[in-house]
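Numbering (this note's numbering), first residue to last: 2 to 349. For every residue, glycine included, the Cβ atom is placed at its ideal position computed from N, Cα and C. Have a look at the structure below before the remarks.
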Ligand code: NAD
Ligand code: TYD
């Protein structure tokens, strides 16, 4: 099989590429990535020189380039992860999210539709988020039947791309599958998202900006469990279907932040309670969804997937990874990014 993985130099993509390259030596894996601020080839250093792996630098918003790539490479399957992925950035610059997440996805769908002759052995797998379902109150879970109700420009752009993927299935019979996953955590996540940002800030004794009162709830899943779910769905998911992926692991932000602070105090040999002093309540995110939580029963019952790690273990492993990979962390947070972050923080 010849497989195109888009966004493979990003956080989740790098784990998916690694899993496929290592587990399937007979597959050829092409990783297509623009290498935006969030994409980093250092995430895949261990795969350099592997015979079944190739990196191609390119932009999915360039329709001609994508069409040519499909013509030349004869892909059998696509796993599409490339996206602008950070909600706060989508609030300050929504247009970039429309280009990459909506137009980029439609460019890939067009190429698959026109270049693939026999659809029977092909699959277009679109990776999405639970944020398309909007916000839950204190009770209930998102199922595959939950009505789409996105609130942020990020989730609106992902919802738009999901609708296009389904439209190409319903209109042109393109073989597609979609999964909607909850918040991921783990190694190689760009430190603008909550968990790696706070680990890095604690390390440098910088303030920990908790939005609003920290009452919002997220359902956290270890990234390698997400990659394992993607593997199962790619090979065994039913075409035209949607699968929700989640860890059944809900945390209020403020409680999660306190756990991170406690583990960091221990790891850094600081007195207990030291890191918590860095917690700073700041202006809430505009349109901040109160709660996300996934019902992954369909995936568990149909395909036998389940998360492998307990959260406490995963969180400690993750903190160890960021502390042991100082060079990676310093590189991605240097230069332009640090300037951007400091400006955003000052403007809150
Ligand atoms: P990320 O921001 O870490 O990585 C995105 C990757 O896409 C980067 O390598 C970037 O260079 C690449 N990219 C961006 N624009 C591109 C373009 N125009 N052309 C080619 N490549 C481009 O994101 P992530 O957190 O790894 O998320 C990956 C996917 O999973 C996204 O589709 C996201 O919506 C979805 N998702 C993420 C989470 C999460 O918690 N992070 C949860 C559920 C779903
Ligand atoms: P984030 O990691 O950006 O993921 P998402 O918004 O896609 O769920 O944020 C996770 C939660 O943490 C969310 O409720 C917003 C909150 N948050 C903060 O309180 N402070 C921060 O600096 C960040 C980045 C997020």
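>> If I measure Cβ to Cβ from residue 161 and keep anything under 6 Å in the same chain, skipping five residues before and after, which residues do I get?
In response: 103
> Candidates 317, 201, 114: which alpha carbon is nearest residue 435's?
Replying inline: The first residue shown for the chain is 2 and the last is 349, placing residue 435 beyond what the model contains.
>> Quick test of your reading: residue 127 and residue 106, contact by CB under 8 Å. State the CB separation rounded to the nearest angstrom.
In response: 7 Å
> Could you check where the beta strand (DSSP E) with residue 96 kicks off and where it finishes?
Replying inline: Per DSSP, residue 96 belongs to no beta strand (DSSP E); it is in the alpha helix (DSSP H), 95-98.
> Using the rule of at least 16 other Cβ atoms within 10 Å of the residue's Cβ for burial, across every protein chain shown, is residue 190 buried or exposed?
Replying inline: By the 10 Å Cβ count, residue 190 comes out buried.
> Using DSSP with H/G/I as helix, E/B as strand and the rest coil, what is residue 175?
Replying inline: Note: residue 175 maps to coil in three-state DSSP.
> Cβ-heavy atom distance between residue 101 and the ligand NAD below 7 Å?
Replying inline: Between the ligand NAD and the CB of residue 101, the shortest heavy atom gap is smaller than 7 Å.
> Taking the C-alpha atoms as reference points, what is the distance between residue 3 and residue 273?
Replying inline: 52 Å
> Within 7 Å: the Cβ of residue 89 and any heavy atom of the ligand TYD?
Replying inline: yes
>> Just to confirm my understanding: we take residue 259, look at its own chain, exclude 5 residues before and 5 after, and list those with CB closer than 7 Å. What are they?
In response: 277
> Around the C-beta of residue 177, are 16 or more other C-beta atoms found within 10 angstroms, so that it is buried, or is it exposed?
Replying inline: buried
> Taking Cβ to Cβ, would you say residue 99 is nearer than 8 Å to residue 53?
Replying inline: Not a contact, by the Cβ cut-off of 8 Å.
> How big is the Cα-Cα spacing for residue 33 and residue 67?
Replying inline: 10 Å
>> I'd like to check one pair, residue 18 with residue 45: are the Cβ atoms closer than 8 Å?
In response: yes
> According to DSSP, which residues form a beta bridge with residue 81?
Replying inline: Partner(s): 7, 127.
> Is residue 53 near the ligand TYD, with its Cβ less than 7 Å from a heavy atom?
Replying inline: no
>> Which residue marks the beginning of the alpha helix (DSSP H) containing residue 268, and which one marks its end?
In response: That run of the alpha helix (DSSP H) goes 254-269.
>> In the DSSP output, which residue or residues are listed as bridge partners for residue 202?
In response: According to DSSP, which records beta bridges pairwise, residue 202 is partnered with nothing at all.
>> Between the alpha carbons of residue 78 and residue 5, how many angstroms are there, rounded?
In response: 6 Å
> Going by the beta-carbon positions, is the gap between residue 136 and residue 269 smaller than 8 Å?
Replying inline: Residue 269 sits away from residue 136, with the two beta carbons spaced by 8 Å or more.
>> For a test of the three-state rule: what should DSSP assign to residue 329, helix, strand or coil?
In response: helix
> For residue 58, does the three-state DSSP call read helix, strand or coil?
Replying inline: strand
>> Just checking residue 191 against the ligand MG - is the residue's beta carbon closer than 7 Å to any of the ligand's heavy atoms?
In response: No copy of the ligand MG appears in this structure; the ligands present are the ligand NAD and the ligand TYD.
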